[in-house]
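Residue numbers (our numbering): 296 to 464.
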């Protein structure tokens with residue numbers, strides 16, 4: 296019985312260490328600057344080290360002023376578009392053409408919104424990830440292309456920024 300109890304305690308404590316809560320990531324948003332409004336109809340909270348600008352119609356690009364190789368493309372999707380299997384397949388194909396063959400991932404990133412699709416690929420200097428996020432109350436459906444320097448902590452910062460995206464009213 297003691298063995299079972301010790302194993303159970305280790306499992307619980309291991310879970311708490313390995314799986315931080317989404318709330319902890321969201322609380323970091325409070326340290327960000329006031330919300331910036333995008334032409335795509337959303338607002339986003341940005342730390343000083345990041346710049347957001349329009350890339351092309353329907354797409355914004357966010358890049359780090361401090362870390363080379365760190366940037367993120369944000370596309371707002373219609374709810375129907377984001378859940379379409381053909382759209383998800385086209386998105387992966389475009390991502391693969393741009394960054395090389397990627398693998399679908401099933402790990403649970405710390406986004407507030409449900410992840411419909413996730414794919415990742417790596418090169419010698421960077422890691423590229425594609426996420427399609429489902430629309431939720433107050434948050435638009437998003438397609439996120441995230442590129443970070445290999446072995447950096449920038450992905451957590453970018454996820455925190457994505458968690459701050461709100462439908463602009």
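Backbone N, C-alpha and C define an ideal beta-carbon position, used for all residues, glycine too. Since this is a predicted model, take the numbers as computed values, not measurements.
Non-local C-beta neighbours of residue 335 in its own chain, meaning closer than 7 Å and more than five positions away in sequence, comprise 353, 355 and 371, ordered along the chain. When the beta-carbon positions are compared, residue 426 and residue 407 stay at least 7 Å from each other.
In this structure residue 430 is buried. Its beta-carbon is surrounded by 16 or more other beta-carbon atoms within 10 angstroms. Here residue 400 really is in contact with residue 415; their C-beta atoms are around 5 Å apart, less than 8 Å. Look at residue 399 here: in three-state DSSP terms it is strand. Between residue 389 and residue 412, the C-beta gap is not smaller than 7 Å, which leaves the two residues out of contact.
In this chain, the alpha helix (DSSP H) harbouring residue 457 covers 449–458. Between the alpha carbons of residue 435 and residue 359 lies a gap of roughly 23 Å. Of 387, 349 and 380, the smallest CA-CA separation from residue 369 is found for 349.
Residue 398 is classed as exposed because its beta carbon has fewer than 16 other beta carbons within 10 Å across all chains shown.
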